[in-house]
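Structure, as structure tokens:
Quick look at the structure:
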């Protein structure tokens, strides 16, 4: 590529890019991030603790779509993150996350790049949840996992935030909350099989005073639900895997 | 951004490889530069170490 062509292209295309790289969270970044140190500090800690039991089994490398200011990524050890908000991305980078500006629906990575993709309180803010989940599937390795952190529509916290949305709240007016059934359906449509569900935050909005132990399974009264799912293995992949396992088994039986 | 990020990134439009052009670099980080897709003739800026891979506006 000649430098002249590059510079001309860069100037032209950069001008086009600048018009679409704004996120509504840019105006709210400091306020959003401050929540984790103030009103939300115990809630954040409860939610982080709920992820902890899952982490050792999740294959690396890890990506968080909707990394925000990097709070969860830092706490959980997620290396890479994307987010549309430049201000939040800069905060995430200061927390040591390899973060950059991008949207979950975009095809930003090669196929099979990651072992695990996290979407933590992100599905409710994306334009197309199914497209984001399908893209997560594409960039995951064959044995890859997605881990969703969700505020479900039917939960007391989902109803609390829905009311704020209805009142035009500066954050939640951008959110769309989904029910457990809707999320499970989306996960299946995107080519995943649900493997584990963890529920926590059983204390109601405005009443969170104590640390909680997470419970395994789905509970409609939980304020925060984690769903871990694996990539659905195609019939051919499954047969190939079985064939390899059978052959290995035969070899060991024969002592060869 | 770190140079190693280039190994996993693809052009969001055509999924092709991106070419890194560095204008300022130090301490293992690229501060200013671009990620360029020759096939699409689109340049994605790197500013203050942050690559911007937001979708280009459609003409």
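Protein chains in written order, with the working numbering: chain A, 1 to 256; chain B, 257 to 315. Glycine residues also receive a C-beta, built at the ideal position from the N, C-alpha and C atoms. This structure is a prediction, so every number in the text was calculated from the model and none was measured.
Collapsed DSSP secondary structure at residue i in the structure displayed
i                      : result
residue 210 of chain A : coil
residue 82 of chain A  : strand
residue 17 of chain A  : The pLDDT assigned to residue 17 of chain A is 41, lower than 50, so where the model puts this residue is not dependable; a value taken from the coordinates is nonetheless given after this. Reduced to three states, the DSSP call for residue 17 of chain A is helix.
residue 138 of chain A : helix
residue 307 of chain B : strand
residue 74 of chain A  : helix
residue 60 of chain A  : coil
residue 202 of chain A : coil
residue 125 of chain A : helix
residue 108 of chain A : coil
residue 258 of chain B : coil
residue 265 of chain A : Outside the displayed range of chain A (1 to 256) lies residue 265 of chain A, so it cannot be described from this structure.
residue 192 of chain A : strand
residue 152 of chain A : coil
Interface partners of residue i on chain B, CB under 8 Å
i                      : result
residue 103 of chain A : 310, 311
residue 184 of chain A : Here the premise fails: no neighbours, minimum Cβ distance about 29 Å.
residue 227 of chain A : Simply none; closest approach about 25 Å.
residue 113 of chain A : 264
Under 7 Å from the C-beta of residue i: neighbouring residues of chain A
i                      : result
residue 266 of chain B : 107, 108, 109, 110
Host alpha helix (DSSP H) of residue i (start-end)
i                      : result
residue 46 of chain A  : 41 to 52
residue 349 of chain B : Coverage of chain B is limited to positions 257 through 315, which leaves residue 349 of chain B absent and any answer about it impossible.
residue 156 of chain A : 156 to 166
residue 30 of chain A  : 29 to 35
residue 187 of chain A : 180 to 189
Distance CB(residue i)-CB(residue j) smaller than 8 Å
i                      : j                      : result
residue 147 of chain A : residue 58 of chain A  : yes
residue 61 of chain A  : residue 114 of chain A : yes
residue 43 of chain A  : residue 73 of chain A  : no
residue 54 of chain A  : residue 228 of chain A : yes
residue 104 of chain A : residue 77 of chain A  : no
residue 151 of chain A : residue 45 of chain A  : no
residue 116 of chain A : residue 144 of chain A : yes
Residue span of the beta strand (DSSP E) that contains residue i, given as start and end
i                      : result
residue 300 of chain B : 298 to 303
residue 119 of chain A : 114 to 120
residue 278 of chain B : 275 to 282
residue 264 of chain B : From DSSP, residue 264 of chain B is part of no beta strand (DSSP E); its letter is neither H nor E.
residue 230 of chain A : 224 to 231
residue 99 of chain A  : 98 to 101
Per-residue contacts from residue i into chain A (C-beta, under 9 Å)
i                      : result
residue 253 of chain B : Shown here, chain B extends from 257 to 315; a query on residue 253 of chain B therefore has no answer.
residue 261 of chain B : 80, 98, 100
Proximity test, residue i beta-carbon vs the ligand NAD heavy atom, cut-off 7 Å
i                      : result
residue 204 of chain A : Ligands are entirely absent from the displayed structure, and the ligand NAD is therefore not among its contents.
Cβ contact (3+ pairs, closer than 8 Å) linking the segment 106 to 122 of chain A and the segment 85 to 92 of chain A
no
Pairing CB atoms from the segment 133 to 141 of chain A with CB atoms from the segment 159 to 172 of chain A, are three or more of them under 8 Å?
no
Would you call the segment 294 to 311 of chain B and the segment 274 to 286 of chain B touching, i.e. three or more CB-CB distances under 8 Å?
yes
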